[in-house]
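Colleague:
Numbering (my numbering), first residue to last: 4 to 127.
1. Go ahead and pull the three-state DSSP assignment for residue 114.
2. Where does residue 9 fall in DSSP's three states?
3. Find the nearest neighbour of residue 41 within the set 58, 64, 77, judged by alpha-carbon distance.
4. Is it the case that the region 68–86 contacts the region 99–118, given that we only count it when at least three CB pairs across the two stretches are under 8 Å?
5. What is the rounded straight-line gap between the Cα of residue 64 and the Cα of residue 72?
6. What are the boundary residues of the alpha helix (DSSP H) that includes residue 55?
7. Quick one: grab the DSSP three-state call for residue 62.
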């Protein structure tokens, strides 16, 4: 299983396929790789996904709130995308739909405000 989303607790679990990499040689900023650190960043990314964040929002949030270097978050996110293509394709489609819905809502609100302003001008 590459990913799972539990119906009961809104959790997302993504997996790296370690068989393709053999022994991981990841290193960040000249420091030796740490599987537990990578798992921590992965877990934090999963939490961002639960909150429907895109990659940029997640990078910013982890930098600000967890003091994770943006390069590390970006690298782990990219690897997760590679290993969980179907999940991320579906997720990104949902993100695009959310953005369209928000833009539509903004246009409707603007039109309603303009109509309300016109009505006020007629009454004066």
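Where is the CB? At the ideal position from N, CA and C, for every residue including glycine.
Source: prediction; values computed, not measured.
Modeller: With the given structure in hand:
1. What you label residue 114 is simply residue 111 of the chain shown in a count that begins at 1. Reduced to three states, the DSSP call for residue 114 is helix.
2. Residue 9 sits at position 6 when you count from the first residue of the chain shown. Low local confidence applies: a pLDDT of 43 at residue 9 is under 50, so the model's placement there is unreliable, and no value is given.
3. In the chain shown, counting from the first residue as 1, residue 41 sits at position 38. Minimum Cα distance to residue 41 is reached at 77.
4. no
5. Locating residue 64 in the chain shown gives position 61, counting from the first residue. Locating residue 72 in the chain shown gives position 69, counting from the first residue. The alpha-carbon atoms of residue 64 and residue 72 are separated by roughly 11 Å.
6. Numbered from its first residue, the chain shown carries residue 55 at position 52. Here residue 55 belongs to no alpha helix (DSSP H), and DSSP marks it neither H nor E.
7. Residue 62 sits at position 59 when you count from the first residue of the chain shown. If DSSP states are grouped into helix, strand and coil, residue 62 belongs with the helices.
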